[in-house]
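Structure record follows, encoded as structure tokens.
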Amino acid sequence: MKSFTTVQGIAAPMDRANVDTDLIIPKQFLKSIKRSGFGPNLFDELRYLDQGEPGQDCSDRPVNEDFPLNHARYQGASILLARENFGCGSSREHAPWALDDYGFRCIIAPSFADIFYNNCFKNGILPIELDEAIVSRLFEEMYANEGYALTVDLERQLIVTPSAEEIAFDVDGFRKHCLLNGLDDIGLTLESAEKIREFEARWRDQSPWLFGKLA
Amino acid sequence: MSGQTLYDKLWHSHLVEQRDDGSALIYIDRQLIHEVTSPQAFEGLRLSGRKPWRRDANLAVPDHNVPTEKSEREGGIDGIIDPISRLQVQTLDDNCKDFDIFEFEINDRRQGIVHVVGPEQGATLPGMTIVCGDSHTSTHGALGALAHGIGTSEVEHVMATQCLVQQKMKNMLVRVDGTLQPGVTAKDVVLAIIGEIGTAGGTGYAIEFGGDVIRALSMEGRMTVCNMAIEAGARAGMIAVDEKTIEYVEGRPYAPTGEAWQRAVEAWRELHSDDDAVFDRVVELKAEDIKPQVTWGTSPEMVLPVDGTVPDPANAQTGSEREAISRALEYMGLRAGQAITDIKLDKVFIGSCTNSRIEDLRAAAAVVKGRKVADSIKLAMVVPGSGRVKEQAEQEGLHEVFIEAGLEWREPGCSMCLAMNSDKLGAGEHCASTSNRNFEGRQGFGGRTHLVSPAMAAAAAVTGHFVDVRDW
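Protein chains in written order, with our numbering: chain A, 31 to 245; chain B, 15 to 486.
The structure is reproduced here in structure tokens:
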């Protein structure tokens with residue numbers, strides 16, 4: 031996994047509550063057996079006016095001019111400002127894959143859905159929860175200032191605004207460690223392989239019916 | 015010290031390692047695998063040269079992409095017309111062979127929606143920890159198990175280590191007491207719960223469902239309730255084990271037998287919250303207040319009783335609520351103040367991991383028996399949850415009831431719940447659906463989904479609009 035230390039970039043809006051993962055990446059693109067290439071179809075139903083199909087060249091498709099990510103001022107954005115319960119619904123990891131492939135490294139929202147929140151950390155994306163009032167203020171500042179960019183410093187757990195205001199955020203210690211160092215958590219878990227084997231042996235004695243053969 | 019909740023018990027019995035930073039390693043007893051969220055996980059194993067930790071903990075079945083039309087289905091994988099879907103189902107087969115994982119293949123009699131198949135085969139059992147790369151894994155909590163959806167990276171993690179890195183969730187109890195009115199079902203109960211706590215109300219919690227109503231539900235009904243825990247934001251929903259649970263599991267193909275059965279039952283009888291267990295949040299609903307439910311908007315929390323009227327954004331409490339209502343009304347093509355019973359329908363879908371079990375099909379069949387689907391309905395389809403459900407329904411003659419009434423009788427799969435195969439809504443079409451999500455575009459680009467119970471969907475198929483099934 032790629033590491034996340036400091037990200038500095040343009041902030042773009044996804045200004046609605048309860049954005050579900052179907053909206054982030056519609057189901058027809060889930061037929062892919064790859065992890066990459068989802069970026070052109072991020073928010074497909076909002077970004078384009080037609081119905082997208084997997085494998086299609088998106089450069090010729092009619093674009094929804096009202097959708098902010100299609101506006102010149104948000105091109106190259108790497109930070110997404112969002113509203114409450116971002117990423118609800120389906121567990122599809124294709125949602126963070128699409129956000130990552132598009133170029134987003136950090137999502138700031140008042141709240142996230144659990145599975146999506148967790149999936150972000152597995153893909154080098156930092157989801158940051160802030161008070162609703164602070165998120166609203168960031169939205170206002172962003173709308174008011176073209177080229178509005180934020181710096182997100184994971185080590186110091188700070189967001190720095192263009193006016194040099196520092197906003198602190200919380201992040202779980204283990205996830206921070208993995209993200210800062212780009213660690214593969216399978217490798218970390220396997221460091222406890224002996225403990226897993228001991229647990230398993232004990233559990234098998236206690237509940238042998240959980241260890242039957244499937245056929 | 016106060017007693018433990020059911021979730022606490024399941025957590026502690028599977029705790030391999032508690033780390034100082036609050037994270038923990040939890041042992042996983044069963045991983046269910048389907049074709050959509052697994053290919054990248056298998057690829058990850060391949061790239062890192064890893065093998066599944068315990069192959070028998072995994073069970074695979076293709077469900078999301080499989081065609082439900084008999085003519086297309088009969089050809090097996092080779093018969094799938096969409097080449098991208100075909101490749102994905104083929105890839106599951108190939109991966110299962112490469113990694114020696116057991117699979118119910120596309121036309122195995124036991125194939126079906128992964129969350130119908132697991133309990134039905136006894137592959138998911140009380141007291142287990144169960145994961146699947148699918149958010150509706152919460153379904154299996156109905157058996158008194160800790161079951162939740164995970165992402166593909168975690169699918170790979172569980173394959174490689176038999177564990178998940180987790181943080182303990184908070185405990186929520188949702189109690190529904192009293193007696194349901196006739197015609198009000200498990201689906202209406204869970205939709206009413208979501209309407210009450212909201213689509214993010216359960217975020218960070220494991221929800222235990224309890225109370226008279228939950229105890230009185232069949233196992234199928236309990237699965238419907240736990241299935242939709244995720245629509246209230248909770249990754250895991252669960253229900254305490256009782257005699258009904260044990261009776262349901264007994265005799266299933268992968269359920270224990272003989273002495274192991276006796277030991278298992280003894281252990282399972284402990285799978286309930288202690289009387290003095292403390293929950294972080296308790297929500298109570300009265301059964302008598304619950305009417306048949308219909309969603310009118312684009313989030314499961316946008317739900318009303320069938321005798322309600324579509325909300326007016328002008329009456330919203332906050333600006334964001336007003337905006338959400340306005341956007342939903344526009345997408346759904348509804349107007350403020352419109353009666354739910356005035357919503358005209360184009361299609362009807364009876365199926366999905368929420369409502370495709372035998373009891374659901376019986377309820378729908380009872381409503382349409384001797385009647386005809388309204389002329390205005392372009393398509394009404396019944397998609398059984400598994401090959402076993404289909405066989406049983408056919409033994410009971412339910413398929414004939416549906417076919418005579420003008421509904422299509424299909425092969426098992428996820429179908430129009432998420433429209434990854436060719437079963438989908440056209441733009442602007444309204445659908446009475448027994449599935450779990452009414453998100454924009456969920457059932458097809460521009461499609462308009464109304465979530466209801468099987469009986470409500472069946473009645474809507476006959477009349478062409480919503481009706482109160484209590485008056486049926």
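Glycine included, C-beta positions come from ideal geometry on N, C-alpha and C.
(message) What does the alpha-carbon distance come out to for the pair B:LYS518 and B:GLU414?
(response) Limits of chain B in this structure are 15 at one end and 486 at the other, which puts residue 518 of chain B out of reach.
(request) Taking B:PHE453 as the query, report the chain A residues whose CB atoms sit under 7 Å from its CB, ordered along the chain. (result) ASP50, ASP52, LEU53 and GLY119
(request) Report the option in B:MET395, B:SER152, B:ILE164 and B:CYS445 whose CA atom is closest to the CA atom of B:GLY251. (result) B:SER152
(request) Note down the Cα distance separating B:GLU425 from B:TRP486, rounded to an integer number of angstroms. (result) 29 Å
(message) Would you say A:LEU129 lies against chain B (beta-carbon separation less than 7 Å)?
(response) no
(message) Does chain A have any CB closer than 7 Å to the CB of B:GLN276?
(response) no
(request) Look at the Cβ atom of B:ARG266, then the Cβ atom of B:GLY126, and state whether they are nearer than 7 Å. (result) no
(request) Could you say which of B:ILE228, B:ARG64, B:LEU465 and B:GLU119 lies nearest to B:GLU88 if we only look at CA atoms? (result) B:GLU119
(message) Would A:ILE145 pass as an interface residue toward chain B - the criterion being a Cβ-Cβ separation below 7 Å?
(response) yes
(request) Please classify B:SER400: does DSSP put it in a helix, a strand, or coil? (result) strand
(request) Measure the alpha-carbon distance for A:GLY133 versus A:LEU180 and round it to whole angstroms. (result) 15 Å
(request) Determine the chain A residues that contact B:CYS110 at a beta-carbon separation under 8 Å, and present them in chain order. (result) In chain order: nothing, as chain A lies at least about 11 Å away.
(request) Note the first and the last residue of the continuous alpha helix (DSSP H) segment covering B:TYR219. (result) Note, B:TYR219: premise wrong, no alpha helix (DSSP H); beta strand (DSSP E) at 219-224.
(request) Determine the DSSP secondary structure at B:GLY272, reduced to helix, strand or coil. (result) helix
(request) Scan the segment 140-219 of chain B and note each continuous beta strand (DSSP E) run of 3 residues or more that stays entirely inside, going in chain order. (result) 143-146, 160-163, 177-180 and 184-191
(message) 7 Å is my cut-off, CB to CB: does A:ASP215 come that close to chain B?
(response) yes
(message) Going by beta-carbon coordinates alone, are B:ILE221 and B:ALA243 separated by less than 7 Å?
(response) yes
(request) May I have the straight-line CA-CA distance separating B:GLY455 from A:GLU75, to the nearest angstrom? (result) 8 Å
(message) Could you tell me the alpha carbon to alpha carbon distance between B:ALA254 and B:THR309, rounded to whole angstroms?
(response) 28 Å
(request) Counting only the same chain and skipping the five closest in sequence on each side, list residues whose C-beta sits under 6 Å from that of A:GLU114. (result) ALA47, PRO140 and SER141
(message) Rounded to whole angstroms, what is the Cα-Cα separation between A:PHE116 and A:ARG122?
(response) 14 Å
(request) Drop a sphere of 10 angstroms on the beta-carbon of A:PRO56, count the other beta-carbons inside from all chains shown, and report buried for 16 or more, exposed for fewer. (result) buried
(message) Is the beta carbon of B:SER400 closer than 7 Å to that of B:VAL130?
(response) yes
(request) Say whether chain B places a C-beta atom closer than 7 Å to the C-beta of A:PRO70. (result) no
(request) Starting from B:VAL30, find everything on chain A with Cβ-Cβ shorter than 8 Å and list it in chain order. (result) SER222, LYS225, ILE226 and PHE229
(message) Please list, in chain order, the chain A residues whose beta carbon lies closer than 7 Å to that of B:THR153.
(response) Ordered by position in chain A, no residue passes the 7 Å Cβ test against B:THR153, which lies about 13 Å from the chain.
(request) Return helix, strand or coil for B:ALA254, following the three-state DSSP convention. (result) coil
(message) On the criterion of 16 or more Cβ atoms from any shown chain inside 10 Å, does B:TYR21 qualify as buried, or is it exposed?
(response) buried
(message) Could you pull the DSSP bridge partners for A:ILE40 from this structure?
(response) A:ALA179
(request) Answer with yes or no whether the minimum CB distance from A:LYS32 to chain B is below 7 Å. (result) no
(request) Determine whether the Cβ of A:THR219 lies closer than 7 Å to any Cβ atom of chain B. (result) yes
(message) Quick check on A:GLN81 - is its C-beta less than 7 Å from some C-beta in chain B?
(response) yes
(request) Work out the CA separation of B:ALA278 and B:ILE40 for me, nearest whole Å. (result) 21 Å
(request) Tell me, please, whether the CB atom of A:LEU244 is closer than 7 Å to any CB atom in chain B? (result) yes
(request) Flag A:GLY184 as yes if its beta-carbon sits less than 7 Å from any beta-carbon of chain B, otherwise no. (result) Before going on, a small fix: residue 184 of chain A reads as Leu here, not Gly. Answer no: the Cβ-Cβ gap between A:LEU184 and chain B never drops below 7 Å.
(message) When you compare the CB positions of B:THR19 and B:SER232, do they come within less than 7 Å of one another, or not?
(response) no
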